[in-house]
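A short worksheet on the structure shown next.
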Amino acid sequence: MKYMLLIYSGGAAGDFEAWMDYDKSVKEAGVYVSGESLTDVAQATTVRVDGTERVVTDGPFAEAREVLGGYYVLDVPDRETALDWAARCPGSWEGGAVVLRECEVF
Amino acid sequence: MKYMLLIHGASEKCTTDDWVAYGRALQDAGVYVGSAPLADDSLTTTVRVSDGGETVVTDGPFAEAHEVLGGYYIIDVPDLDAASDWAARCPGARFGGRMVVRPIVEFP
Amino acid sequence: MTGDVNASVEAIFREERGRLLAALVRRFGDLDLAEEVTSEAIEAALIRWPVDGVPASPGAWLMTTARRRAVDRLRRDQTYAARLALLQVEADRAGPPVVDGVLPDERLRLFFTCSHPALPEADRGALTLRYLAGLTTAEVARAYLVPVETMAKRLVRAKKKISGARIPFRVPDVRELPARLPGVLRAIYSIFTEGYAASAGPDLVRHDLAEEALRLARILHRLLPGEREVTGLLALMLLTHARRAARTGPDGGLVLLEDQDRSLWDRAMIDEGEPLVVAALTGGPPGPYGVQAAIAALHDEEPTDWPQIVSLYDVLRSLTPSPVVDLNRAVAVAMRDGPEAGLALLDDLAGEPRLRGLHVFPAARGELLRRLGRPAEAAHAFREALELVGSEPERRHLRARLDEVGG
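Protein sequences appear in the order of chains A, B and C.
Just remember that this note's numbering sits 650 ahead of the position in the first sequence, which is counted from 1.
Just remember that this note's numbering sits 132 ahead of the position in the second sequence, which is counted from 1.
Just remember that this note's numbering sits 11 ahead of the position in the third sequence, which is counted from 1.
Structure, rendered in structure tokens:
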């Protein structure tokens, strides 16, 4: 089962080393599928198509209180294991949170 | 430059064919890096670790977003105009849905 | 002597700054670096030119100097250079910087970058003033009546987005142009209206700003001579600005069109604008700036052709429906058919949320009520307008009207 770990840490949680350690452990455990870290939300742009007209605006579309900072997709046997990985992720420390979502299977 | 296209509030009017065609277009253009559709938001769980080291697991999403992340694509294109073009071509941008385009951090 | 050199140096900088910056952005793909070396080249010129004299092609001199500085900078900072993926730094240094002593004009790219839809709408005019008109951050801050630090922060944030999200320096292709050009025109027009309507402060027209907007529109018109809406925008601004001297009376109060001293109108500007209106309305369906320019042209004629103005407002309303257009149309109808007809149309607009907080609605109502000989109601409307008005000349005018109707 694939899970996506969405990282809402506000950039505060965990030092660089903690992230490197985490990254290393998901890869060594063989559960890593993909992952990326996102730049500052100030650089976000929203695109929507209204009929045929493209509407491009500055910033994220909703004023979310906390901003997505990155994600991991992990392939693990069950939700419990995914939860474990979420708790080990530095993004869930120090006031941050990791949101766990199941990936759709077709 | 890699960009993440975050799919918010994709309309149910978009057919499976629309999504398949879009995925194929990305691959054919050679810009596709990765993607994942997400299961229904009712299956979402939030995890935090308190300062005391205790894991706190709660049902539901963390941030109260108006519309929920439905999936994403990562593409590798030269600039924001190219990324916006691909975002606009995605079924998720139509019928009231929106795509948020965010640059991905490039580590040296 | 030194004074003369300084004056001509200033003039050259004003003309060359935007062009130089755009050429450097094109070459190095980095706004920060381009900005830095543009300033350095100008500083170098301020030192050299009074001593050596102004070079034969000042633009080429500035470009060569700026490029050298950029190359030096990139040599010192290899990671920066790598990030910019500069492959031909050496070749560039040796190569011909400028062809035939003329700087290539890359400003069109920069116009589109500064007005990119992924940037906050409120900052696009400021970016255009900073990077294309060559104003300093302090001057831009003054233009928008905000503290310098506030403007500096806004510009830095916008620049960060341009480089961080990689907003390109490119001219949209033919397919994209219809969607992107209005944004550029809107940014220039916002500078003009900011200078013109002067929503706050002692002056009715801030000529410096209006003239910067005109200068920018002239540049854009030279770069895109075939785009009818660019022509229309330039014409609109020329034909509006032509009446600037007549818009305020000796007491500093606003003077309405029918009371204006026509000898104060700028004939040269009207003569420049009129053929542009024709060009803007020829060869395809009219655009909103072309139609507004035609309306401005009719205001510059005597007697004013109100029936024609009303029909043009009808066209404008179909292109860009807005309660402000409806309001202006109602005033034109009052001029054509009498105040009663205009007032009826205005009353239909009462309660329109997008007119709330604007003094123009009660001011127009007051004027029509005054003409209808309903002084008590007129006084009420003028008082309402006075509470909302920001600019001093308009305040004076409204106060004079209020006195007249016995308020």
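Glycine included, C-beta positions come from ideal geometry on N, C-alpha and C.
These numbers come from a predicted model, not from an experiment.
Within the continuous alpha helix (DSSP H) that includes C/Asp414, where are the two ends? 403 to 415
For A/Phe666, count neighbouring C-beta atoms within 10 Å of its own C-beta (all shown protein chains included) and say buried if the count is 16 or more, exposed if not. exposed
Where does B/Glu144 land, buried or exposed, given buried means 16+ other C-beta within 10 angstroms? exposed
Taking the alpha helix (DSSP H) that C/Ser50 falls in, what are its first and last residues? 42 to 63
Just the Cα atoms here: how many angstroms apart are C/Ser126 and C/Arg135? 5 angstroms
Can you grab the Cα-Cα spacing for the pair B/Thr176 / A/Gly709, in whole Å? 25 angstroms
Between B/Pro210 and chain A, is any beta-carbon pair separated by less than 8 angstroms? no
What residues of chain A sit near C/Val130, judged by a beta carbon separation below 7 angstroms? According to the sequence provided, residue 130 of chain C is Leu. The question's Val does not apply to it. Under the 7 angstroms cutoff, chain A gives Asp708.
Contact defined as beta carbons within less than 8 angstroms: I believe C/Glu205 pairs with C/Tyr142. What is the distance between those atoms, to the nearest angstrom? Actually they do not touch by this definition, with Cβ atoms about 17 angstroms apart.
State the beta-bridge partners of A/Asp725 as determined by DSSP. A/Lys652
Under the three-state reduction of DSSP, which class applies to C/Arg258: helix, strand or coil? coil
Quick one: does B/Met133 have its CB under 8 angstroms from some CB of chain C? yes
In the structure shown, what three-state DSSP assignment does B/Cys222 receive? coil
Thinking C-alpha only, which one of C/Glu21, C/Ile58, C/His408 is nearest C/Gly260? C/His408
In whole angstroms, give me the CA-to-CA distance for B/Arg209 and B/Tyr164. Per the sequence shown, residue 209 of chain B should be read as Val rather than Arg. Rounded to the nearest angstrom, the two C-alpha atoms are 9 angstroms apart.
By the 10 Å Cβ neighbour count, where 16 or more other Cβ atoms means buried, how is C/Leu267 classified, buried or exposed? exposed
Examine chain C for any beta-carbon lying closer than 8 angstroms to the beta-carbon of B/Asp213, and answer yes or no. yes
C/Leu275: which of C/Ala257, C/Ala290, C/Gly194, C/Glu283 sits nearest, CA to CA? C/Ala257
When DSSP labels each residue in this structure, what does B/His140 get in the three-state scheme? strand
In the region 148 to 178 of chain C, which residues sit with their C-beta less than 8 angstroms from some C-beta in chain B, listed in chain order? Gly175, Ala176, Arg177, Ile178
For C/Ala137, which option in C/Ala152, C/Thr124, C/Pro128 has the closest C-alpha, if you only look at C-alpha atoms? C/Ala152
Pair within 8 angstroms by beta-carbon distance, A/Leu790 and A/Tyr653: Coverage of chain A is limited to positions 651 through 756, which leaves residue 790 of chain A absent and any answer about it impossible.
Rounded to a whole number of angstroms, what is the C-alpha to C-alpha distance between C/Ile320 and C/His310? 8 angstroms
A/Thr695 versus chain C: which residues are under 7 angstroms apart at the beta carbon? Ala129, Ala176
Could you run through the region 303 to 336 of chain C and flag, in chain order, every residue whose CB is less than 7 angstroms away from some CB of chain A? none
Mind pulling the chain A residues with CB within less than 7 angstroms of C/Glu190? Note that residue 190 of chain C corresponds to Ala in the displayed sequence, not to Glu. Those are Arg704, listed as they occur along chain A.
Please name the residue, chosen from C/Leu225, C/Val185, C/His218, C/Asp184, that lies closest to C/Ala198 on a Cα-to-Cα basis. C/Leu225
Helix, strand or coil for C/Tyr300, going by three-state DSSP, please let me know. helix
Where does C/Pro314 fall in DSSP's three states? coil
Got a sec, what are the start and stop residues for the beta strand (DSSP E) C/Pro286 sits in? Counting along the chain, C/Pro286 falls outside any beta strand (DSSP E), though it belongs to the alpha helix (DSSP H) covering 278 to 291.
Quick one: what's got a C-beta closer than 7 angstroms to C/Ala149's C-beta in the same chain, skipping five residues either side? Val159
Distance, Cα to Cα, C/Ala221 vs C/Leu397? 25 angstroms
Figure out for me which residue from A/Ala668, A/Glu754, A/Cys753, A/Ser742 has the closest Cα to the Cα of B/Val179. A/Ser742
Would you mind reading off the limits of the beta strand (DSSP E) that contains A/Ser758? A query on residue 758 of chain A cannot be resolved here, the shown segment of chain A reaching from 651 to 756 and no further.
Along chain C, which residues have their Cβ under 9 angstroms away from the Cβ of A/Asp700? Ordered by position in chain C, no residue passes the 9 angstroms Cβ test against A/Asp700, which lies about 12 angstroms from the chain.
Where does C/Asp272 sit, in a helix, a strand or coil, going by DSSP? coil
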